[in-house]
Amino acid sequence: MLNIPSLQGSVSPEEWQLRCDLAACYRLVALYGWSDLVFTHISAKLPESVSGAGEHHFLINPYGLMFDEITASSLIKVDMLCNKLHDSPFPVNPAGFVIHSAVHEARPEAGCVLHTHTRAGVAVSAQKGGVLPISQQSTFVLGSLAYHEYEGVAFRDEEKPRLQADLGEANFLMLRNHGLLTVGKTIADAFLSMYTFENTCRIQIDAQAGGELTQVNPQIVRGVAQAMRVQTGGLGGAFAWPALLRKVQRDLPGYDS
14 MLNIPSLQGS VSPEEWQLRC DLAACYRLVA LYGWSDLVFT HISAKLPESV
64 SGAGEHHFLI NPYGLMFDEI TASSLIKVDM LCNKLHDSPF PVNPAGFVIH
114 SAVHEARPEA GCVLHTHTRA GVAVSAQKGG VLPISQQSTF VLGSLAYHEY
164 EGVAFRDEEK PRLQADLGEA NFLMLRNHGL LTVGKTIADA FLSMYTFENT
214 CRIQIDAQAG GELTQVNPQI VRGVAQAMRV QTGGLGGAFA WPALLRKVQR
264 DLPGYDS
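Right under this line is the structure:
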């Protein structure tokens, strides 16, 4: 037991809600089997109403905790350089924040950046053809997908401009030979996008183990944005988020402490 003191009375209601949602997201990633021990990150940007006008503050995981251990109070608030902004007994991983800070810098509307190293995601990222239009799930990804070539472990600031240029306005980024990344206005949006991205890759690997593949008509891919709005009632990730919170409360309670 980590016995982490609660921060609920020490932060604003807005920050506490963001902490609870991000802690739930970490635990959901663990529940769905997308974590890589302690070696990936999910970052959430605090609104300026909390961090202050012109300030850019983020919440990120305490480095060394498993994702199913993370709580709202254990999350660490950092600045754009990943400097801790409050006392915490846990370290942060500045190298791990390089990718996240690059995305947040280029995309100020990004409320959450979610990055994984899953088996299926890395497998497809290593395939020359990348994501193939062979499933309904893939059509949602292909409508907003970008690729970034592998440059080694991503801890050098000099890589950031190239990553930003490759990402552009896309919400799905395949890091070649590395993994998957999603960008969302909210934590719920980033999680739903990663759920779709991960399943796209799993389906592709499974399908490739069989016979000849049937590809989706390109015209369907071009109309996918409207299809996603219809599917979620125009709510995006918020449509599924309450059910996901109930799931994490049942299966891994304690995230909101």
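Residue numbers (my numbering): 14 to 270.
Note that the Cβ used here is the ideal one computed from N, Cα and C, for glycine as well.
Under the assumption that residue i contacts residue j (Cβ atoms under 8 Å), give the Cβ distance between them as a whole number of angstroms.
| i | j | result |
| --- | --- | --- |
| Leu193 | Thr129 | 5 Å |
| Gly77 | Val51 | 6 Å |
| Asp81 | Arg40 | 6 Å |
| Asp269 | Ala85 | 5 Å |
| Phe204 | Cys38 | 5 Å |
Which word fits residue i, buried or exposed, when buried means at least 16 other C-beta atoms lie within 10 angstroms of its C-beta?
| i | result |
| --- | --- |
| Lys58 | buried |
| Lys90 | buried |
| His99 | exposed |
| Asp219 | exposed |
| Leu15 | exposed |
| Asn190 | exposed |
| Gly109 | buried |
| Glu27 | exposed |
Alpha helix (DSSP H) containing residue i: first to last residue?
| i | result |
| --- | --- |
| Phe185 | Where Phe185 is concerned, there is no enclosing alpha helix (DSSP H), although the beta strand (DSSP E) it sits in stretches over 185-188. |
| Ile112 | 110-119 |
| Phe71 | Here Phe71 belongs to no alpha helix (DSSP H); instead the beta strand (DSSP E) covers 71-73. |
| Arg169 | Unbroken run through Arg169: none, as it is neither H nor E. |
| Lys97 | Unbroken run through Lys97: none, as it is neither H nor E. |
| Ser148 | Per DSSP, Ser148 belongs to no alpha helix (DSSP H) and is neither H nor E. |
| Ser138 | 132-138 |
| Pro231 | 231-235 |
| Tyr39 | 26-44 |
| Leu258 | 254-264 |
In angstroms with no decimal places, state the Cα-to-Cα distance between residue i and residue j.
| i | j | result |
| --- | --- | --- |
| His117 | Thr209 | 21 Å |
| Ser25 | Val63 | 7 Å |
| Thr199 | Leu248 | 11 Å |
| Ser56 | Ile233 | 32 Å |
| Asp202 | Leu226 | 30 Å |
| Gln228 | Val144 | 11 Å |
| Arg175 | Gly250 | 29 Å |
| Asp7 | Gly156 | Given a span of 14 to 270 for the chain in the structure shown, any question on residue 7 remains unanswerable. |
| Trp254 | Pro231 | 30 Å |
| Val196 | Asp179 | 13 Å |
| Cys95 | Phe71 | 8 Å |
| Val105 | His69 | 17 Å |
| Ser140 | Gln177 | This sequence places Gln at residue 140; Ser is not what is there. Cα to Cα, Gln140 sits roughly 22 Å from Gln177. |
Per DSSP, residue i forms a beta bridge with which residues?
| i | result |
| --- | --- |
| Cys125 | Ala57, Gly197 |
| Tyr160 | Met187 |
| Gly192 | Leu188 |
Considering residue i, what are the terminal residues of the beta strand (DSSP E) in which it resides?
| i | result |
| --- | --- |
| Lys90 | 89-91 |
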